[in-house]
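Accompanying notes for the structure given below.
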Amino acid sequence: MTELTVCFAEFGRTSNPSEVVPKFPQLKLQVLKVKLIQGAEPSQNRMRLTVSDGVHYSQAIVNLNEEKGGAQSDISVGSVIEVKSYDSHRLQTGKIVFVLYEWDVVGVESPIGHPTSLEANTEAKANDSMSPAPAPVAPVVAPPAPAPVTKPKAKPAAAPGNFTAIIPIDILSPYHNKWTIRARVSNKSDIRTFTNARGEGKLFNVTLVDESGEIRATGFSQQVDAFYDLLQEGKVYYISKCRVQVAKKQFSNVQNDFELVFDRDSQIELCTDEVDVPKIKFDFTSIKDLGTADINGTVDFIGVLKSINPAEQITSKNTGRPYDKRDVVLVDEGDYSIRATFWGKSAVDFSTPLESVIAIKGAKISDFNGRNISILNSSTVSVDPDVPEAHALKGWYSTNGRDKTFEQLPGPSGATSTGNSDDKNRTTIEKVISDQLGMTDQTDYFTIKGTISYIRNENMWYPSCTNADCNKKVIQDTTDEWRCEKCNITIAEPNYRYIISMIVSDSTGQIWVSSFDDIGNIVIGMSAKELYQLQEQDLNGFTEVITKALYKEYVLRCRARKDNYNDQVSVRYSAVRCTPVDYAHETQLLLQQLGI
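Counting in the UniProt record's numbering, the sequence shown runs from 1 upward without gaps.
Structure representation (structure tokens):
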């Protein structure tokens, strides 16, 4: 087995970047992942690599116009490379990135060693909050000297004898032939049935997480019988010999470029050791903030179970199929309550006691008969989770909340015109950034008058269910039909809904803003389905529509929310209302400001 430059990445993390190259003038690393990054011009194309020194893996960048040989095909997953020229850079987030200038491929091998994430290891040293074991521990203070990289309770990353070497989820790809992941089941769906040209079938899926990331896995037919009862939410498993395929990311919220499919050779074994595999990580939204959140979006929510309605059965107007549902009422420390709807088996079997704390990951926001949330097949529900927010809610409810009167949460009161409220709250992009809106734990809202200067013309829509009260993403099966997991139906052709990323500019600056279907229809001037069909039939016509949508002024009501992805904290801006500028109204507003 090839010997790599061990501890190179760890030295880069703990040292000044200028000290790395003199310490390690040449490197021998293994490539675990390759991703091409398209630039505005071919000369700006780059490759992002995940490289391993056998102990840790980190990120590296190759500029293709500077790449030795000029061809990206020389390097692939598993390649062992000798690096002769490189630089080390520390980003503002503290993350280390290496830029490679000159290197040679000296071989291709299976994963060498059991590398772990350099950033995950850094965070583990600084803060034990990512540990999956939430039980109280003695207040031990770490010594001032650098501690060993492995926490005392962590087990070595070794699989049972009948499994191959463990690798992190985030480097798993179709190019790995022999691999094992050790992952926790964070979500498991019900068994669903379907009918296609080959007859009837059944399937289920699970979401698997480890310290590096998450991945979705699906089992069909015989694999349902083999693995459904074995895989239990919250437990950790060794998993190997599954098919790794490219994920259709527009159909799933799971953050991974690939997905797993169980087959007859798949191996799954329960992990009984105490291991550092994280549990579900929540990003809770309060009931008050749900009132202005995007309809049909998904959120994480936590609340106390105030009341439970009986289960009932409704019939879909579109399909004639019956559905079981149950409404419950949840409250938090604010003044409002919210209705949460469970569907199917979870509605019939609902047995959670009153006054329990319920945490929901991935609840869908609805505005039918008032603002409410709906629990999807892809949602994860935890009762009395051992997280700080749950303990705080328990204490609040027992002392102050039990006898409190709550109002049902109303929907957003904003209309579709530029009224006095938006005028008073209007600001500039420069002030939004300088005031750091969205950088606290609370969601901030603001109104700007801006020009759309750029629209990203990739991934502008997603295929959705055709039921009017659903709009959930649908998944294309092997027979080219589309399946809605929530409605449990198969359709021949989906609807399409906008998910647009655009740059909004004013005289003081610019920001990236995401928007959804209602706003997309206003900005583009046609439905997402019409634009999809145009792109399929006339690419020049599609480009022309996007071009015509640019450089128009709108009054935008936006939401700013802190986002933490891959340990990088940033602010995500979303438009919740969009109105073309009424220049007569703007003139009156300007005259008022001038006192005329």
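Virtual Cβ for every residue (Gly too), placed ideally from N, Cα, C.
Fair warning: this is a prediction, and the values are worked out from it, not measured in the lab.
Margin query: Contact defined as beta carbons within less than 8 Å: I believe Val-513 pairs with Ala-549. What is the distance between those atoms, to the nearest angstrom?
Written below: With 8 Å as the limit, Val-513 and Ala-549 do not qualify as a contact, their Cβ atoms being about 14 Å apart.
Next item on the list: Consult DSSP for Gly-344 and reduce its assignment to one of helix, strand or coil.
Entry: Three-state DSSP puts Gly-344 in a helix.
Notebook entry, point to check: Counting only runs that start and end within the region 163–241, where is the alpha helix (DSSP H) found for 4 or more residues in a row?
Noted result: Here the runs fully enclosed are 222–227.
Note to self: Taking the beta carbon of Lys-442 as the centre, do at least 16 other beta carbons fall within 10 Å, making it buried, or is it exposed?
What the structure shows: Note that residue 442 corresponds to Gln in the displayed sequence, not to Lys. That one is exposed.
Next item on the list: Report the three-state DSSP secondary structure of Pro-580 (helix, strand or coil).
Entry: strand
Checklist line | Residues bridged to Ser-85 [DSSP beta-bridge criterion] | finding: Glu-102
Item checked: Top-ranked residue by Cα proximity to Asp-477, from Tyr-228, Arg-557, Phe-220 -> By alpha-carbon distance to Asp-477, the top candidate from Tyr-228, Arg-557, Phe-220 is Phe-220.
Checklist line | Assumed close pair Val-34, Ser-88 - CB separation to whole angstroms, cut-off 8 Å | finding: Not confirmed; about 20 Å, so no contact.
Checklist line | Distance, Tyr-336 Cα to Phe-406 Cα | finding: 5 Å
Next item on the list: Would you kindly work out how many angstroms separate the C-alpha atoms of Gln-593 and Gly-12, rounded to a whole number?
Entry: 55 Å
Next item on the list: Starting from Ala-269, trace the beta strand (DSSP E) both ways and give me its first and last residue.
Entry: With the sequence shown as reference, residue 269 is identified as Glu, and Ala is not the correct amino acid for it. Per DSSP, Glu-269 belongs to the beta strand (DSSP E) from 267–270.
Checklist line | Cutoff 8 Å; reference Gly-525; Cβ partners in own chain excluding five residues on either side | finding: Val-545, Lys-548, Ala-549
Notebook entry, point to check: Under 8 Å between the Cβ atoms of residue 600 and Asp-506?
Noted result: Nothing can be reported for residue 600, as the shown portion of the chain is limited to 1 through 596.
Next item on the list: For Ser-58, count neighbouring C-beta atoms within 10 Å of its own C-beta (all shown protein chains included) and say buried if the count is 16 or more, exposed if not.
Entry: buried
Item checked: Whole runs of the beta strand (DSSP E) within the region 437–515, excluding any shorter than 3 residues -> 444–455, 461–464, 482–484, 489–491, 495–506
Margin query: In whole angstroms, give me the CA-to-CA distance for Lys-68 and Glu-102.
Written below: Reliability fails at Lys-68, whose pLDDT of 47 lies under 50, so the model's placement of it is uncertain and no value is given.
Next item on the list: Name the one or two DSSP bridge partners that His-56 has.
Entry: Thr-116
Item checked: Buried or exposed by the 16-neighbour rule on C-beta atoms within 10 Å, applied to Ser-129 -> With a pLDDT of 37 at Ser-129, under the threshold of 50, the modelled position of that residue is not reliable, and the figure given next carries that caveat. Classification for Ser-129: exposed.
Checklist line | Nearest-angstrom beta carbon gap, Asp-210 and Gly-344 [assumed within contact, 8 Å] | finding: The pair is not a contact, with the Cβ atoms about 29 Å apart (cut-off 8 Å).
Notebook entry, point to check: What are the residues that DSSP puts in a beta bridge with Ile-61?
Noted result: Arg-48, Val-99
Next item on the list: Could you say which of Ile-360, Gln-255, Tyr-397 lies nearest to Val-381 if we only look at CA atoms?
Entry: Ile-360
Item checked: Distance between Glu-214 and Trp-179 (C-alpha atoms, nearest Å) -> 16 Å
Notebook entry, point to check: Going straight from the alpha carbon of Pro-310 to that of Leu-354, what length do you get?
Noted result: 13 Å
Next item on the list: Would you list, in sequence order, the uninterrupted alpha helix (DSSP H) runs of no fewer than 4 residues that lie entirely inside the UniProt domain "Replication protein A OB" (287–384)?
Entry: 287–290, 344–348
Margin query: Please classify Lys-235 as buried or exposed, where buried requires at least 16 neighbouring CB atoms within 10 angstroms.
Written below: exposed
Next item on the list: Using 10 angstroms around the beta-carbon of Asn-372, count the other beta-carbons present and answer buried if the total reaches 16, otherwise exposed.
Entry: buried
Notebook entry, point to check: By Cβ distance, which residues of its chain are closer than 6 Å to Ile-239, with the 5 residues on each side in sequence left out?
Noted result: Ile-181, Ile-268
Margin query: Among the candidates Thr-14, Ser-110, Leu-531, Glu-485, whose CA atom is the shortest distance from the CA of Thr-193?
Written below: Glu-485
Item checked: Residue interval of the beta strand (DSSP E) (run including Glu-109) -> No beta strand (DSSP E) contains Glu-109, which DSSP labels as neither H nor E.
Item checked: Start-to-end residues for the beta strand (DSSP E) that takes in Glu-3 -> It is not in any beta strand (DSSP E) - Glu-3 carries neither H nor E in the DSSP assignment.
Check: For Val-246 versus Phe-258, is the C-beta spacing smaller than 8 Å?
Finding: Yes, they are a contact pair.
Check: Can you name the start and end residues of the alpha helix (DSSP H) that Leu-409 belongs to?
Finding: Here Leu-409 belongs to no alpha helix (DSSP H), and DSSP marks it neither H nor E.
Check: Under the rule that 16 or more other beta-carbon atoms within 10 Å means buried, what is Arg-184, buried or exposed?
Finding: buried
Note to self: With H, G and I counted as helix, E and B as strand and the rest as coil, what does DSSP make of Gln-245?
What the structure shows: Three-state result, Gln-245: strand.
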